[in-house]
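Student: Take 629 as the starting number for the sequence shown in our numbering and just add one per residue.
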Amino acid sequence: MAILQDKNVLVTGVLTESSIAFHIARIAQEQGANVVLSSFGRALSITTRIAARLPKPAPVIELDVTNSEHLSNLSSVLKEHFPHLDGIVHSIGFAPEAALGGNFLNTEWADVATAVHVSTFSYKSLAMACKPLIQKERGASIVGLTFDATVAWPKYDWMGVAKAGLESANRYLARDLGSENIRCNLIAAGPIKTMAAKSIPGFEQFEDVWNSRAPLSWDVSDPIPAAQGAVALLSDFFPKTTGEIIHVDGGVHAIGG
Ligand code: NAD
């Protein structure tokens, strides 16, 4: 049985074939979903090219999550493709160079603000922009991606703070949208070599941690386990789960140093 049969899902964050979101879109389609992708700025044409590699056609719409006009038009743009929405994937993260790489004590507020706007606040903005298309009787699932923010990591710096905010925002969104039958959950993925990861100086230090601590072997070039987790959360198999963070990290979060 296909677990997303006839569900309408918006997937943000497809940039390359290594993007976690690309595999979420691919597996969602394989599981019966109708998928619309969103992208922004110069990435728009790249996303459109990558979308052609999905098993089925997926329209690409423009959405910069920091652009209030894009957000206010989102539900009417989506309505051209879907009568209603069953799933939303927030697979978006960005921090300026100055906010990463070990310069934590000297990063300026403007750079922190950008990281938090794109990576944290946008989770709420996206949910609210999509809400007019969600039908209470059908319910909906919102899924985001975090990197375990309960500890301080090498080099991750203000992105780690933004992710801690995302994890908290997920709990507040779950609190406030539960009455609308909307579930809000995050996948805490282990390190995966994507474009976003390449912008983190010293990413290989994460690889060392995972090689030495993961009970299950971890492959940094494999985004599929995280994508499978996200698709499972989009499905009807987690009907009473919200405000949750599911770790798809080979078990590292459970193991001491
Ligand atoms: P990626 O580079 O493929 O995806 C990041 C996406 O964010 C890109 O598609 C980019 O276009 C989009 N984006 C950035 N700014 C945006 C904006 N203003 N508006 C709309 N979209 C914007 O990398 P990825 O690793 O697949 O990242 C997806 C998510 O997974 C991110 O939230 C990331 O933090 C999270 N994550 C990644 C890892 C990892 O190791 N790669 C681990 C845990 C969590």
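Heads up, the beta-carbon is just placed ideally off N, CA and C, and yes, glycines get one too.
What is the DSSP secondary structure of L638, reduced to helix, strand or coil?
Tutor: Strand at L638.
Student: Does DSSP classify I652 as helix, strand or coil?
Tutor: Helix, per DSSP.
Student: Tell me the rounded alpha-carbon separation between A656 and T774.
Tutor: Roughly 20 Å between the two C-alpha positions.
Student: According to DSSP, what are the bridge partners of T774?
Tutor: T774 pairs with A816.
Student: Where does the unbroken beta strand (DSSP E) through S753 begin, and where does it stop?
Tutor: No beta strand (DSSP E) holds S753; the alpha helix (DSSP H) holding it covers 750-758.
Student: When you compare only the Cα positions, how much space is there between L713 and E765?
Tutor: Rounded to whole angstroms, L713 to E765 spans 12 Å at the Cα level.
Student: Relative to the alpha-carbon of S807, which residue among P843, A855, G767, S840 has its alpha-carbon at the smallest distance?
Tutor: Closest by alpha carbon: G767.
Student: Mind checking whether the beta-carbon of T675 lies closer than 8 Å to any heavy atom of ligand 1?
Tutor: Checking the Cβ of T675 against ligand 1 gives yes.
Student: I'd like the list of long-range same chain contacts for S719, defined as Cβ closer than 6 Å, with 5 residues on each side in sequence excluded.
Tutor: Same-chain partners within the cutoff: T640, G641, I648, A649, L773.
Student: Compute every distance between the C-beta of G916 and the non-hydrogen atoms of ligand 1, then say whether any falls below 8 Å.
Tutor: In the structure as shown, the chain starts at 629 and stops at 885, and residue 916 therefore has no counterpart that could be examined.
Student: Pull up the CB-CB distance for A842 and I815, whole angstroms please, since I reckon it's below 8 Å.
Tutor: In fact, because the Cβ distance is near 16 Å, the residues do not count as touching under 8 Å.
Student: Measuring CA to CA, which of Q833, N798, G884, W846 is closest to F749?
Tutor: When only C-alpha atoms are compared, the closest one is N798.
Student: Ordered along the chain, which non-local residues of its own chain (more than five positions away) have a Cβ less than 7 Å from that of K821?
Tutor: So the list reads S646, V848, S849, once near-sequence residues are dropped.
Student: Run the CB neighbour count on I883, radius 10 Å, all protein chains shown included, and call it buried at 16 or more, exposed below.
Tutor: Answer is exposed; the Cβ neighbour count stays below 16.
Student: So E835 is in the alpha helix (DSSP H); what residue range does that whole segment cover?
Tutor: Residues 832-841.
Student: Count the other CB atoms, across all protein chains shown, that sit within 10 Å of the CB of N636; report buried if there are 16 or more and exposed otherwise.
Tutor: Burial call: buried.
Student: Let me check understanding here. Comparing Cα to Cα, which of V789, C758, E697 lies closest to D739?
Tutor: Looking at the Cα atoms, V789 is the closest of the given residues.
Student: So for V688, helix, strand or coil by DSSP?
Tutor: Strand, per DSSP.
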